[in-house]
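In my numbering, the protein residues as written are 8 to 529.
Think of the CB as a built atom: it goes at the ideal place given N, C-alpha and C, for glycine as much as any other residue.
Note that this is a predicted model, so its numbers are computed, not measured.
Below is one structure; the comments refer to it alone.
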């Protein structure tokens with residue numbers, strides 16, 4: 008991999024531009040440990056301070072034989088000089104060719120020769136001028152790249168796909184890089200590797216703190232995103248949907264909470280991804296985006312959101328012993344696309360913090376070294392269903408053998424957990440029978456003490472959504488096809504169990520604001 012000349016950053020960090028156009032290689036002088044970062048992350052160079060503070064947790068051994076960072080710079084310096092020399096050489100050769108053309112053509116034929124010489128001279132001077140300017144621009148770009156600029160200039164307007172869409176352009180004075188086109192990796196993924204990290208607001212202390220935990224462990228918790236009234240409103244909407252699907256259910260009569268009635272609403276581990284479930288929490292998704300921007304977690308930029316379902320837990324008299332640790336991302340053409348999606352869950356009711364249901368995950372398993380080896384290992388995972396891939400017992404043993412352990416994350420009403428789709432995770436079951444029931448009632452009109460109630464929301468940048476997906480979403484919305492899609496905000500992948508059934512509730516078009524329509528890709 009070719010790298011350009013190193014750039015000094017605060018606290019002894021260095022970074023090099025990856026000439027393939029996909030990001031930066033960063034390291035510390037005297038260390039062979041490096042880490043690759045996408046251009047989106049380095050878009051604000053202030054992240055260097057964050058990385059410096061967390062270097063012991065974040066640096067991964069990407070090249071054991073890379074050698075000293077100073078040796079890398081020394082090895083690349085002659086190449087850089089050679090590149091500048093080529094620029095000056097082209098200018099000289101073009102000038103000499105122009106002068107030779109004038110003399111040769113004038114000698115061979117009189118007036119015609121003089122005319123030819125004139126044309127050749129003009130061409131030579133033009134060629135020399137262009138080559139000289141190109142060499143000067145190249146030299147200026149490398150000199151500017153060696154300086155650190157305190158403020159980013161932001162992204163430019165995306166253009167259509169083309170052979171140069173990987174490149175970046177130096178804009179103005181200093182190393183303020185503008186991404187002028189939406190990049191694609193060789194496998195065709197819009198936005199390139201680790202594209203979901205561009206969601207976080209690096210100008211905010213809260214955003215940098217959230218990103219730090221996210222990169223280290225693969226998840227981060229944001230407390231108090233929803234208020235009590237917003238949680239109660241969402242609970243009422245979920246109950247209204249449940250009663251429409253099973254008329255025998257009554258929030259006020261727990262005798263109706265039988266497994267037969269409940270199974271008409273949910274499948275698996277109390278997940279509701281049936282027909283119409285993706286149409287229940289329109290406003291809650293909009294509130295999710297607004298609050299994360301207000302809190303400084305996400306940056307203010309156009310987003311699209313998933314049409315995902317929700318969790319509708321039932322108090323149980325039996326404990327579940329089945330594990331379903333899984334990832335919601337798989338390899339693409341045998342390679343990882345990095346952090347592609349940041350999934351989100353909003354807790355809507357109060358459960359016991361120690362024994363109740365919780366978000367369970369294996370911190371650190373989102374790193375590509377672990378993720379790829381786990382996905383490629385023989386007998387570690389089951390066959391994928393779309394992007395969902397559960398682990399086998401051998402996979403959990405493989406993780407424990409490498410020092411990873413399962414971690415439980417308790418959430419209070421209104422709390423949000425954000426996690427990397429590569430992270431091994433699951434919805435953790437309660438540890439005791441009594442803890443399967445909420446500790447306090449939730450809902451305004453439909454107050455009840457059910458099991459865990461939660462909403463699933465996943466945001467992505469709008470620029471990553473293909474036009475074909477937007478067309479399918481609009482067609483489904485206008486045709487009242489109340490499909491429930493998976494967690495991907497840039498895809499149109501309905502759940503199979505989202506197909507219409509005889510007992511599916513009648514769905515009507517909701518009244519959405521322009522902001523909500525834009526967010527949902529309508």
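- Per DSSP, residue 349 is not a residue of any alpha helix (DSSP H); the beta strand (DSSP E) it occupies stretches across 349-354.
- With a 10 Å radius around the Cβ and a threshold of 16 neighbouring Cβ atoms, residue 235 comes out exposed.
- Take the alpha-carbon of residue 355 and the one of residue 341: they are about 38 Å apart.
- Residue 245 places its beta carbon less than 8 Å from that of residue 319.
- Assigned with DSSP and collapsed to three states, residue 436 falls in coil, not helix or strand.
- The beta-bridge partner set that DSSP reports for residue 366 consists of 416, 434.
- Just so you know, the alpha carbons of residue 330 and residue 419 end up roughly 23 Å apart.
- Taking a C-beta distance under 8 Å as the contact criterion, residue 368 and residue 460 do not qualify as a contact pair.
- The DSSP-derived three-state label of residue 467 is strand.
- For residue 405, the enclosing alpha helix (DSSP H) stretches over residues 400-408.
- 229 is the residue among 229, 278, 217, 304 whose C-alpha sits nearest the C-alpha of residue 422.
- In chain order, 238, 239, 242, 355, 356, 357, 420, 455, 456, 457, 460 place their CB closer than 8 Å to the CB of residue 449, counting only its own chain and leaving out the 5 sequence neighbours on each side.
- Shortest Cα-Cα distance from residue 492 to any of 474, 465, 514 involves 465.
- Under DSSP, no beta-bridge partner is assigned to residue 525.
- For residue 242, the enclosing alpha helix (DSSP H) stretches over residues 235-252.
- Residue 351 and residue 214 do not touch by the CB rule: their CB atoms are close to 15 Å apart, not below 8 Å.
- Shown here for residue 208: same chain residues with a beta carbon closer than 7 Å to its own, the five before and five after excluded, namely 214, 303, 304, 305, 306 in chain order.
- Distance between residue 406 and residue 414, taken at the CA atoms: about 13 Å.
- Counting the other Cβ atoms within 10 Å of the Cβ of residue 345 gives 16 or more, which makes it buried.
- Residue 497 sits away from residue 221, with the two beta carbons spaced by 8 Å or more.
- If you look at residue 426, you'll find it in the beta strand (DSSP E) that goes 423-427.
- Out of 231, 277, 269, 267, the CA that lies nearest to the CA of residue 433 is found in 277.
- Assignment of residue 476 by DSSP, reduced to helix, strand and coil, places it in the helix class.
- Going by C-alpha positions, residue 501 is about 33 Å away from residue 360.
- Going by DSSP, residue 318 is part of the beta strand (DSSP E) stretching over 317-319.
- Look at the region 261-334 and you find these whole runs of alpha helix (DSSP H), each 4 residues long or longer: 266-269, 289-301.
- Of the candidates 249, 255, 529, 260, 249 places its Cα closest to the Cα of residue 273.
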